Amino acid sequence: MSPRLNITTFTRSIAFRPKPQVQWPARSALRLAPLQCRLYTDSTTLPAADRSKREDARPIEHVSEEAASMAKTMGEEGPDLTQGTAIEEVVQGDKAAQANLPKVMQDKLKSEAPNTKPNMAPKGSRSYSTTTTQTGGNSALDMGLVDLQSVPKVPETPGLKYEMPSLPLPKDGHVKHRHDPVVEQVTNLLMRHGKKSVAERNMALILQHLRTSPIPSINPARPLLPGAPPPSHLPLNPILYLILAIDSVAPLMRIRSQRGAAGGGVALQIPVPLGQRQRRRAAVQWIMGAASKRRNMGSGKNSFAQRIAQELIAVVQGTSEIWAKRNAIHKLGVAARANIVLPRKR
Amino acid sequence: MPPSPCLRSFSRLSLDASTHNFLAPRLLHPRVACFSTSTARPAAAPKKKGSTAAPKKGVKSLNTKKGKKSPGGDAGKRPAQGDRKALRKRIVLSNDNALEVSSLTDLDKANVLSDANEGKVMGLPAEKVVDALRAVDAFKTTQGWSLFRRPAVLMRKEAMQLASLFREVEDSATGPQKRTIRRILSGERMSGKSTLLLQGMSMAFLRDWFVISLPEAQDIVNAHTDYAPLPNSQPMQYTQDTYTANLLQQMLKSNVTFFESAKLTTTPDLPLPLPAKARLADLVALGMANPEASWPVFVALWNELSQPGRPPILLAVDGLSHIMRHSAYMSAEVKPIHAHDLTLIRHFVDHLSGQKKLPNGGLVLGATSQSNAPTSPALDFCIEVAQARQKTSDNVPQWNPYKNVDVRVMDALKDLNSDSKDFDVIKVGGLSKEEARSIMEYYAESGMLRHQVNEGFVSEKWSLAGMGNIGELEKVSVRLRL
Chain A
7 MSPRLNITTF
17 TRSIAFRPKP
27 QVQWPARSAL
37 RLAPLQCRLY
47 TDSTTLPAAD
57 RSKREDARPI
67 EHVSEEAASM
77 AKTMGEEGPD
87 LTQGTAIEEV
97 VQGDKAAQAN
107 LPKVMQDKLK
117 SEAPNTKPNM
127 APKGSRSYST
137 TTTQTGGNSA
147 LDMGLVDLQS
157 VPKVPETPGL
167 KYEMPSLPLP
177 KDGHVKHRHD
187 PVVEQVTNLL
197 MRHGKKSVAE
207 RNMALILQHL
217 RTSPIPSINP
227 ARPLLPGAPP
237 PSHLPLNPIL
247 YLILAIDSVA
257 PLMRIRSQRG
267 AAGGGVALQI
277 PVPLGQRQRR
287 RAAVQWIMGA
297 ASKRRNMGSG
307 KNSFAQRIAQ
317 ELIAVVQGTS
327 EIWAKRNAIH
337 KLGVAARANI
347 VLPRKR
Chain B
296 MPPSPCLRSF
306 SRLSLDASTH
316 NFLAPRLLHP
326 RVACFSTSTA
336 RPAAAPKKKG
346 STAAPKKGVK
356 SLNTKKGKKS
366 PGGDAGKRPA
376 QGDRKALRKR
386 IVLSNDNALE
396 VSSLTDLDKA
406 NVLSDANEGK
416 VMGLPAEKVV
426 DALRAVDAFK
436 TTQGWSLFRR
446 PAVLMRKEAM
456 QLASLFREVE
466 DSATGPQKRT
476 IRRILSGERM
486 SGKSTLLLQG
496 MSMAFLRDWF
506 VISLPEAQDI
516 VNAHTDYAPL
526 PNSQPMQYTQ
536 DTYTANLLQQ
546 MLKSNVTFFE
556 SAKLTTTPDL
566 PLPLPAKARL
576 ADLVALGMAN
586 PEASWPVFVA
596 LWNELSQPGR
606 PPILLAVDGL
616 SHIMRHSAYM
626 SAEVKPIHAH
636 DLTLIRHFVD
646 HLSGQKKLPN
656 GGLVLGATSQ
666 SNAPTSPALD
676 FCIEVAQARQ
686 KTSDNVPQWN
696 PYKNVDVRVM
706 DALKDLNSDS
716 KDFDVIKVGG
726 LSKEEARSIM
736 EYYAESGMLR
746 HQVNEGFVSE
756 KWSLAGMGNI
766 GELEKVSVRL
776 RL
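Line order of the protein sequences matches chains A and B. Note that my numbering has the first sequence beginning at 7, numbered continuously upward. Note that my numbering has the second sequence beginning at 296, numbered continuously upward.
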């Protein structure tokens, strides 16, 4: 039995100082009194120095504000101050005022002026299109945003900015985990030289090959996972097909060779259990190795994907030699089970 | 004139080694056989096998190989010649795993041109249309026919446009003025231009038109087939005998019903004798069997089709920009031959440009390609102009004067910049959401799309597909492309 850790009986003192507790004073009335000294982060003006209330210090009113106040005194309907000011309308026909406009608005005015040459090609026209596919003839531009609402609804639960999501969250709700985890793992294992899009194309071709191949016939000597769907369901659900093939041949353990543990220069074989991702990884590596040994009968980009798909079908049908490999590992693991050193119980 | 090395050897003949043997030692004048340009080389004595001396003890050899490696790769039998390409180009039109769509109705002669099937997915009848389309190579490997139970097409808005053109031509067939309508299909990549062409061809087959299709324009101009100058042509034109013979075969296979009944009414001028009481099919078979006579046979067949009472004609070509430039063939003066100087293409372009009319009326369709298209600035410009004119006729783009203009292409397509209704561009755009929903329901019913097709799902995929680009829509919803 190891002795209990006792903090009070340290051999030397530890530089440990409890943090002083920050506590609000009970009487908060103190804080109401304004500070007399000016802090940097505080507002720059003291109340006494505020001269904005004086009549002469006020800035000149905005055009529409002035018009509104004028209209108010005259008892008429002035411009609506909640809207922006239509500067274009104000300066329309006033050449002197137009000269003082900002450059952007001047350019806009110029471009709206009637063109002298009606057949002139539009400036800066590219040879290629930078827009997305236009729905032919339909002038109304629908950007296709799903359920776009300009005004967010006020949630009923107080304290929430948006509505409560409906639980459970959808599986593909997160943008980074929207695909099936096995498909994603296999895609990454297929990837060479960091070319993910090539790997993704290969993955799509594998699944396409699985869904167009005939229904597999299951070999009873090589049972698949218990609870597997009937083989007639597999081609219509290629992802399930892939997962079933991989999980069925995935080894339960790997054999670690510990050198010098057995004595006499022989490595000690120690079986080590694998986690689910590791098991799948081992199976995919075997499948890829067996696929690269297959004869390439075609040509072109999709031949590797086709061979992997053929290997997956062979696994499900029990004709692949990966099964023998898996059985050998399991047999070795069972034989070497005495070498497992479990941690001592306390 | 003989080649220069021979001349040089000949001139050296007088300076034979024996004449100035005394001037220089023999070493400087190796005995060279005249008329040989290869360097003199003493014949190496044949080495005995395995006689190389073993390296001395203690001397390191440069050979770093540890042992004999096993021969890499598999040494098994290779696929036979042509098998790999056949596998790559294989067209699969059915998937036994896909579910039968119960609501799928077939196109037939009565309903193919009706407006009622707008936005619906319609099946292609197997024996009449699918075999004919297969014979003319209308199906492409990149299209997703292999995923579904049997070929079916979406009757989208552009297809209905095409159907109305078919109706116009057929309505004018009874009157004195037979109409020839010409259209260029253009649009974004994977927007369904080739499939629309296929839909046009299936309409023509169902309506008993005569279809002549050049399935891939690249194959005509890339100099992979033989060519020969056409005698008595000014300027020089070139025939492609093997290609034309193959085209005749495709025409014979695809237009079965026409050739069953068609009789020969004229006496064609052919280099080979025709059997007595020959039918039109015998004429075509003659051209197929004798490629050197294939072009005269084609001309004779065209004359037959021009007789009154023959069916309207659909001329179709895919990959238009290949034939709007110089071909890869060379003339006798080692100048590139313009594609319009190849007889087959000239025949097509004459009808596309409106220089010649189809005598019994008909339709000329050319589809552009975005994935396999060499630059053809004149074609691009003409399409751009036509599209600008469809919107407003006063702001058409101008030709960039710093670009090289292909005058022949400009001449052929100049009608696009006029008010004529006969020659125009059909812009193949994105699907509308209703059309997208219709085809996605078809995907789901086939079992290829495992999701509930509802409003949100359709608009999500529709926007992911670049506002309804049908190829992208298929990619994101059916092909499981991550």
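Even glycine gets a Cβ: it sits at the ideal position worked out from N, Cα and C. Here the structure is a predicted model, which means the values were calculated and not measured.
Item                                                                                                                               : Value
Pair within 8 Å by beta-carbon distance, histidine 646 of chain B and valine 659 of chain B                                        : yes
8 Å Cβ cutoff met for alanine 288 of chain A and arginine 260 of chain A                                                           : yes
Contacts that histidine 185 of chain A makes with chain B (C-beta to C-beta distance below 8 Å)                                    : Leu777
Alanine 234 of chain A versus A/Ala227, A/Ile249 and A/Pro220, residue with shortest Cα-Cα distance                                : A/Ile249
Assigned secondary structure, histidine 199 of chain A (DSSP; H/G/I helix, E/B strand, else coil)                                  : coil
Beta-bridge partners of glutamine 275 of chain A, as assigned by DSSP                                                              : A/Ser263
Backbone CA spacing between valine 204 of chain A and methionine 197 of chain A [nearest angstrom]                                 : 7 Å
As assigned by DSSP and simplified to three states, the class of leucine 726 of chain B                                            : coil
Exposure of aspartate 410 of chain B, with buried meaning 16 or more beta-carbon neighbours within 10 Å                            : exposed
Under 9 Å (Cβ pairs) to chain A, residues found in the region 387–421 of chain B                                                   : Val387, Asn390, Asp391, Asn392, Ala393 and Leu394
Minimum length 3: unbroken beta strand (DSSP E) runs contained in the region 685–765 of chain B                                    : 718–723
Any C-beta of chain B under 8 Å from that of asparagine 208 of chain A                                                             : no
Nearest-angstrom Cβ-Cβ length linking alanine 731 of chain B and serine 489 of chain B, presumed shorter than 8 Å                  : Contact doesn't hold; Cβ gap of about 19 Å is too wide.
Neighbour flag for leucine 242 of chain A against chain B, beta carbons, 8 Å                                                       : yes
Per DSSP, cross-strand counterpart(s) of leucine 211 of chain A                                                                    : Note: leucine 211 of chain A sits in no beta bridge, so no partner.
Beta-bridge pairing of leucine 449 of chain B - partner residues as DSSP gives them                                                : B/Val416
Residue-level contact to chain A via CB, proline 446 of chain B, 8 Å cutoff                                                        : no
Methionine 1 of chain A burial status per 10 Å Cβ neighbour count (16 or more: buried)                                             : Not covered by the structure: residue 1 of chain A. The range shown for chain A is 7 to 352.
Residues within the region 221–234 of chain A neighbouring chain B, beta-carbon criterion of under 8 Å                             : Ile221
Cutoff 8 Å; reference alanine 421 of chain B; Cβ partners in own chain excluding five residues on either side                      : Arg445
CB-CB length for leucine 211 of chain A against asparagine 308 of chain A, believed under 8 Å                                      : 5 Å
C-alpha distance - glutamate 769 of chain B paired with leucine 509 of chain B, whole-angstrom precision                           : 26 Å
Backbone CA spacing between arginine 301 of chain A and glutamine 532 of chain B [nearest angstrom]                                : 47 Å
Alanine 251 of chain A and valine 321 of chain A closer than 8 Å at C-beta                                                         : yes
Inter-residue spacing [alpha-carbon to alpha-carbon] between lysine 423 of chain B and histidine 239 of chain A                    : 33 Å
Cβ separation of serine 691 of chain B and valine 680 of chain B, assumed to be a contact under 8 Å, to the nearest whole Å        : In the sequence on display, residue 691 of chain B carries valine and not serine. Valine 691 of chain B to valine 680 of chain B, Cβ: 5 Å. Contact.
C-beta contact flag for methionine 485 of chain B and glutamate 767 of chain B at 8 Å                                              : yes
Touch test, the region 458–465 of chain B against the region 747–762 of chain B, Cβ-Cβ under 8 Å, three pairs minimum              : no
Partners in chain B for serine 304 of chain A, counting only beta-carbon separations shorter than 7 Å                              : In the sequence under discussion, the amino acid at residue 304 of chain A is glycine, which differs from the serine named in the question. What glycine 304 of chain A touches in chain B: Arg379, Leu382 and Arg383.
Backbone secondary structure at tyrosine 236 of chain B - three-state DSSP                                                         : This structure cannot speak to residue 236 of chain B, because chain B is shown only from 296 to 777.
Cβ separation of methionine 583 of chain B and glutamine 535 of chain B, assumed to be a contact under 8 Å, to the nearest whole Å : Actually they do not touch by this definition, with Cβ atoms about 14 Å apart.
3-residue-minimum beta strand (DSSP E) runs that sit fully inside the region 267–348 of chain A, ordered along the chain           : 274–279
Glutamate 700 of chain B classed as buried or exposed, judged by whether at least 16 other C-beta atoms fall within 10 angstroms   : Note on residue identity: the sequence assigns valine, not glutamate, to residue 700 of chain B. Result: exposed.
Assigned secondary structure, tyrosine 522 of chain B (DSSP; H/G/I helix, E/B strand, else coil)                                   : coil
Contact check, glutamine 253 of chain A vs arginine 228 of chain A, beta carbons under 8 Å                                         : In the sequence on display, residue 253 of chain A carries aspartate and not glutamine. Cβ distance not < 8 Å, so aspartate 253 of chain A and arginine 228 of chain A don't count as in contact.
8 Å contact criterion, which leucine 786 of chain B and isoleucine 721 of chain B should meet: CB distance rounded                 : Summary: the structure shown does not reach residue 786 of chain B, with chain B confined to residues 296 through 777, and so no result is reported for it.
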